[in-house]
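Beneath this line is the structure, given in structure tokens, with notes to follow.
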Amino acid sequence: MSWHSRARVQSVSVVHPQFDGASRGGFPYMGGMRLDFIKCHGSGNDFPLIDARFLTLDDGQWAAVARLMADRDGPVGGDGLLLLVPGDATHAFGMRMFNSDGSEAETCLNGLRCTARLGFEVTGLDHAPVKLKTSSAQAALAEAISPGVATIRTRAGPASTACADVGLVGVGERIVDAVIPGLPSERHFTGVAMPNPHLVTFVDAVDEAELVALGDWCEAGPALIPARANVSFVELRAGGLFVRTYERGVGLTDSCGSAMAASTYAAGLTGRTAFGAEVNVFNRGGLVRATAQADGMVEISGNATFDYDAHVEIDPDAGTIGAVAMVEERGKESAAWKAAVEALA
């Protein structure tokens, strides 16, 4: 399907609570506001998603909202916070993504699918360019990867292997399938910016303790990579790739979309897979289908599942959050994704 043709998909019946006025989706109350959100996930990478096109919180307040809403010990929980934001002259809408520690990521491709789906629902579009923090991506409705699973196809890139883009300091122009001087690992890595930074290594079997130790080291912002990086251990399997990622600002995660894109590109760059070939990319949360091109563009088709709609009272300045008030549970969507994952076993 062309990016400029109309996607043929099963219609997905959705109910998203909308409110009148400038405070749409964010009603003020004593000392704070009520935020409406959708709990969603892409390949198991889960987030609260807010239609923030009419909200006026500043960056510090959104960072606080992310810390409160994405807290796994809190009432919502997630790998971060997604915001649907206004577009501009060349983008139908935009996405912002805050990690659970309140830092803002350049992109999140699992989150992009969910945000794009909401963007399509509120605009009536079926494909659109989406504005990201430092780049843009193409998104389109796509044929379901499994019965009943809402599916979005995204195209992002170009990936860069320049150390300046990856954030590696003092190690040359690029690192491709090589030991990184100063990194506490003898493994061969490929540095990829999607545009967020990734260090990808191919392993016979994922050692999670080793991955966490290396991720923790990078998370401290050492002189080698002061802006930190996502670290992925990737297994080559008969059915494709299996990716396990320590996500910057999050920690060990079941799924990271940009890491799956970076890993697919790194596999093509190092000759482990072929550029232009569709690859099944698995993770703890499920799978996506990815295609990397030699020019650095990566297409990913995967789920954009909405589990439930709800609202919560929150005061980002005081750092307080109330109980979740459920609006609608989307049990059929959740069940469809569960069936898709079980079929992989």
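With the UniProt record's numbering as the guide, the letters of the sequence shown map in order to residues 1 to 345. In this text, a Cβ means the ideal position worked out from N, Cα and C, and glycines have one as well. Note that this is a predicted model, so its numbers are computed, not measured.
Determine whether the beta carbon atoms of residue i and residue j lie at a separation below 8 Å.
i: I300; j: L68; result: no
i: H311; j: D36; result: yes
i: A137; j: H127; result: no
i: L112; j: V85; result: no
i: S43; j: S255; result: yes
i: D309; j: I38; result: yes
i: R153; j: A142; result: yes
i: F54; j: L82; result: no
i: N45; j: T264; result: no
i: M260; j: V231; result: no
i: G119; j: A92; result: yes
i: M97; j: E104; result: yes
i: G80; j: V250; result: yes
i: G296; j: G157; result: yes
i: A262; j: A178; result: no
To which residues of the same chain is residue i closer than 7 Å at the C-beta, ignoring the five residues directly before and after it?
i: G276; result: T291, Q293
i: residue 415; result: What is shown of the chain runs 1 to 345, which leaves residue 415 out entirely.
i: A205; result: E235
i: A22; result: With a pLDDT of only 33 at A22, under 50, the local geometry of the prediction cannot be trusted, and no value is derived from it.
i: R272; result: F202, L236
Using 8 Å for Cβ pairs, my map puts residue i next to residue j. What's the rounded Cβ distance?
i: A144; j: G102; result: 35 Å between Cβ atoms; not a contact.
i: A340; j: V149; result: 6 Å
i: V171; j: I180; result: 6 Å
Note down, in chain order, each residue of its chain lying with its Cβ closer than 6 Å to the Cβ of residue i, except the 5 sequence neighbours on either side.
i: residue 369; result: A question about residue 369 goes unanswered here, because the residues of the chain that appear run from 1 up to 345.
i: G167; result: P197, I225, A227
i: T107; result: L132, N196, S258
i: G78; result: D46, F47, P48, A70
From what residue to what residue does the beta strand (DSSP E) around residue i run?
i: T253; result: 251 to 253
i: T190; result: 189 to 193
i: L83; result: 80 to 88
i: V341; result: Looking at the DSSP string, V341 is not in any beta strand (DSSP E); the run it does join, the alpha helix (DSSP H), is 331 to 342.
i: N283; result: 278 to 283
i: F54; result: Where F54 is concerned, there is no enclosing beta strand (DSSP E), given that its DSSP letter is neither H nor E.
i: N99; result: 91 to 99
I need the boundaries of the alpha helix (DSSP H) containing residue i, first residue and last residue.
i: R153; result: Here R153 belongs to no alpha helix (DSSP H); instead the beta strand (DSSP E) covers 151 to 156.
i: Q61; result: 59 to 69
i: V234; result: Unbroken run through V234 is the beta strand (DSSP E), 230 to 237; no alpha helix (DSSP H).
i: F120; result: 109 to 123
i: T273; result: Per DSSP, T273 belongs to no alpha helix (DSSP H) and is neither H nor E.
i: C256; result: Unbroken run through C256: none, as it is neither H nor E.
i: V166; result: 163 to 166
i: V212; result: 208 to 219
Counting only the same chain and skipping the five closest in sequence on each side, list residues whose C-beta sits under 8 Å from that of residue i.
i: A162; result: E173, R174, A193
i: A304; result: C40, G42, R113, C114, A116, R117, A150, T151, I152
i: G322; result: P75, V312, E313, I314
With hydrogens ignored, establish whether the beta-carbon of residue i is closer than 7 Å to any heavy atom of the ligand NAP.
i: N99; result: You won't find the ligand NAP in this model; it holds no ligand whatsoever.
Say whether chain D places a C-beta atom closer than 8 Å to the C-beta of residue i.
i: R53; result: The chain inventory of the structure shown lacks chain D, comprising one protein chain alone.
Checklist entry - Just checking, does the segment 187 to 206 make contact with the segment 323 to 335 on the three C-beta pairs under 8 Å criterion? => result No, the segment 187 to 206 does not touch the segment 323 to 335.
Next on the checklist: Any contact between the segment 279 to 291 and the segment 74 to 92? By contact I mean 3 or more CB pairs, one from each, below 8 Å.
Outcome noted: Three or more Cβ pairs closer than 8 Å define a contact, and the segment 279 to 291 falls short of that threshold against the segment 74 to 92.
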